Each structure stands twice: as structure tokens, then as C-alpha cells.
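Q: Below is one structure. I have some questions about it.
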Amino acid sequence: HRVLVVDDIADNLILLQTVLESEGYLVETAQSGKAALDKLETVEPDIVLLDIMMPGLNGYEVTRRVRENERFASVPIVLLTAHDE
Numbered sequence: 013h014r015v016l017v018v019d020d021i022a023d024n025l026i027l028l029q030t031v032l033e034s035e036g037y038l039v040e041t042a043q044s045g046k047a048a049l050d051k052l053e054t055v056e057p058d059i060v061l062l063d064i065m066m067p068g069l070n071g072y073e074v075t076r077r078v079r080e081n082e083r084f085a086s087v088p089i090v091l092l093t094a095h096d097e
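In this note's numbering, the protein residues as written are 13 to 97.
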């Protein structure tokens, strides 16, 4: 299974990528909402792990844009955040 991990913090990307790859997943990463939307076109992931709080396009905006595209509307998206509220 292919996972797209999106986070603007490089350490978070490395951690998630390491854990997921050790479990046998193919992992692609993106460090911004724009990069995530670009990668969706080429990677075609089975699931997206998406940080909510990113500069530029935040996780909510990326989710909205993904859902507007019929090609990716059914791809599961898990929103992640380190925010405590």
C-alpha cells in the first residue's frame, strides 16, 4: 500500500516515513499543501496522512481541494496535528 505523508516539519515526515516503511508501506512525502496536491497526481496513494497546521495551504484546504477532484474524492485522508485543542 502507498501512503502520502504531508507535514511541513521535516522531523515529523522522517518519523512517520520510518515507522510506516518498517511496517512494509511504500511512503511518499510532501512538505506543503501545494506539494501534496502535485504529488497526488503522480503518486496515487491509497491513503493520505495530512498535517492540519501548515503555512500556505493548510490541511483543511488541501482536503477540500482533494475532495473536489473526482479522481481522488474517495482516497482516505487522516488529519494529523500536534495542536492540543
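Positions of the beta carbon are idealized from the N, C-alpha and C atoms, including for glycine. Given the structure is predicted, the values throughout are model-derived calculations rather than measurements.
Does the beta-carbon distance from Asn57 to Glu40 come in below 8 Å?
A: Counting from 1 along the sequence shown, the entry for residue 57 is found at position 45. Counting from 1 along the sequence shown, the entry for residue 40 is found at position 28. Here residue 57 is Pro; the residue named in the question, Asn, does not match the sequence. Taking 8 Å as the Cβ cut-off, Pro57 and Glu40 qualify as a contacting pair.
Q: Measuring only the C-alpha atoms, how far is Leu91 from Ser44?
A: Numbered from 1 along the sequence shown, position 79 holds the residue referred to as residue 91. Numbered from 1 along the sequence shown, position 32 holds the residue referred to as residue 44. Taking the straight line from one Cα to the other gives about 14 Å.
Q: Determine whether the beta carbon atoms of Pro67 and Asp23 lie at a separation below 8 Å.
A: Along the sequence shown, one-based indexing puts residue 67 at 55. Along the sequence shown, one-based indexing puts residue 23 at 11. In terms of Cβ geometry, Pro67 and Asp23 do not form a close pair [threshold 8 Å].
Q: Starting from Arg77 and walking both ways along the alpha helix (DSSP H), at which residues does that stretch end?
A: The residue given as residue 77 occupies position 65 in the sequence shown. Arg77 -> alpha helix (DSSP H) spans Gly71 to Glu80.
Q: With DSSP as the reference, please indicate the residues paired to Thr41 in a beta bridge.
A: The sequence position of residue 41 within the sequence shown is 29, counting from 1. Bridge partners of Thr41: Val17.
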